[in-house]
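Remarks on the structure that follows.
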Amino acid sequence: MSLGNRIKDQRKKTGMSQKKLAELVGVSRQAVTKWETDLSVPSTTNLFALAEILGTSVDMLMDNERDENIRSSAEQTYYLYKMETEKKAAELRRMRKENRRIALIIAICHIGLMILGLIISGSFGEPSLLLNRLFHYAPLLIATAISITSAFIGKRRLSIVSFAANGLGLLLGLCLGNGYTGARYGMSYFGWVVWGGIFLVSLVAGLMWEISVAKKGKQNRKKTWLLSGIVLTVLVIMATIIITSLVRSVCGGSRASR
Numbered sequence: 008m009s010l011g012n013r014i015k016d017q018r019k020k021t022g023m024s025q026k027k028l029a030e031l032v033g034v035s036r037q038a039v040t041k042w043e044t045d046l047s048v049p050s051t052t053n054l055f056a057l058a059e060i061l062g063t064s065v066d067m068l069m070d071n072e073r074d075e076n077i078r079s080s081a082e083q084t085y086y087l088y089k090m091e092t093e094k095k096a097a098e099l100r101r102m103r104k105e106n107r108r109i110a111l112i113i114a115i116c117h118i119g120l121m122i123l124g125l126i127i128s129g130s131f132g133e134p135s136l137l138l139n140r141l142f143h144y145a146p147l148l149i150a151t152a153i154s155i156t157s158a159f160i161g162k163r164r165l166s167i168v169s170f171a172a173n174g175l176g177l178l179l180g181l182c183l184g185n186g187y188t189g190a191r192y193g194m195s196y197f198g199w200v201v202w203g204g205i206f207l208v209s210l211v212a213g214l215m216w217e218i219s220v221a222k223k224g225k226q227n228r229k230k231t232w233l234l235s236g237i238v239l240t241v242l243v244i245m246a247t248i249i250i251t252s253l254v255r256s257v258c259g260g261s262r263a264s265r
């Protein structure tokens, strides 16, 4: 019989619900469900707490065949510590693998975004000063590196937000006057300001999102995702409107003066 089944049997013998057991241990009901279905293993502290609450011993909860040689409390504690360490190591390996996969996807998306930008700029029939500056002075490559690195170290929200802002900034920067349109009015091209402003705002918003989720923890993850996503969307939209309005007002003022 597995550890999860033993916990479940002992809980039913005491007539205790999963919710009540979770409250006494100090975890969520979902955590108890995962323990009983062997999807996760309770920590050393929680295992001792379970034994005390359920009126049994750690020996009874653990698999006797695996623990028949464990006699003293010190040996038992060390064994549980080893189990928890192995579990954390396995989880860390899984997360690193997942981070590498997401970083690869983000990298492919950025390459596709660059190609799309070149296609869009080429449709205007003249060279794109925006892409020329972003590539020549390397800000686009730096932005791409930030997004990919964020995904690689597990900051997925920051990575996704920075990628979306990169694409939105490029699109608006190109649409506001591709090539040397601004030069016709005796002024510099402002597409890079639009792109840079939106990207910088996205970095701040992405970091705020990461901090918010870290503070809330896993128990309210869905609610936190929704609330943070709404706030983030509002921030990016406001930044886009403000930056675009400033650029248009400057362009309009230059035209009027000429």
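Here the numbering used here is used: position 79 in the sequence shown is 86, and no number is missing along the way.
Backbone N, C-alpha and C fix where the C-beta goes; we use that ideal spot for every residue, glycine too.
Just so we're clear, the structure is a prediction, and the values are computed from it rather than from any experiment.
Residue i (DSSP reduced to helix, strand or coil)
i	result
T92	helix
S157	helix
A145	coil
G22	coil
Q226	In this prediction, Q226 has a pLDDT of 47, which is less than 50 and means its spatial position is unreliable; nothing more can be read from the coordinates.
T52	helix
D45	coil
I218	helix
G33	coil
G204	helix
L178	helix
L61	coil
S209	helix
K162	coil
E72	Residue placement at E72 is flagged as unreliable, the pLDDT there being 43, under the threshold of 50; the coordinate-derived value follows with that caveat. In this structure, E72 counts as helix in the three-state DSSP scheme.
S169	helix
Between the CA atoms of residue j and residue i - distance to the nearest angstrom
i	j	result
D66	I14	12 Å
M215	L87	37 Å
A114	I155	6 Å
R163	A152	14 Å
G62	K95	28 Å
I218	A56	31 Å
S166	L210	9 Å
E30	S50	16 Å
L69	K26	Residue identity differs from the one stated: residue 69 is Met in this sequence, not Leu. Answer to the nearest angstrom: the Cα atoms are 22 Å apart.
A270	S9	What the structure shows of the chain is the stretch from 8 to 265, and residue 270 is not part of that stretch, so it cannot be assessed.
L54	V39	11 Å
Q37	E93	22 Å
A145	L99	34 Å
S35	K104	27 Å
Exposure label - residue i; buried when at least 16 CB within 10 Å
i	result
N173	buried
E59	exposed
M102	exposed
S24	exposed
A97	exposed
R108	exposed
E43	buried
T52	exposed
G11	buried
R18	buried
S64	exposed
L28	buried
A110	buried
L147	buried
L141	buried
Element boundaries [alpha helix (DSSP H), containing residue i]
i	result
M67	65-68
Whole-Å CB distance - residue i paired with residue j, under 8 Å assumed
i	j	result
M90	V48	7 Å
L203	S169	According to the sequence provided, residue 203 is Gly. The question's Leu does not apply to it. About 12 Å separates the two Cβ atoms, so there is no contact after all.
G176	V201	6 Å
F206	A150	6 Å
Residue i: CB within 8 Å of a non-hydrogen atom of the ligand COA
i	result
V208	The ligand COA is absent from the structure shown, which contains no ligand whatsoever.
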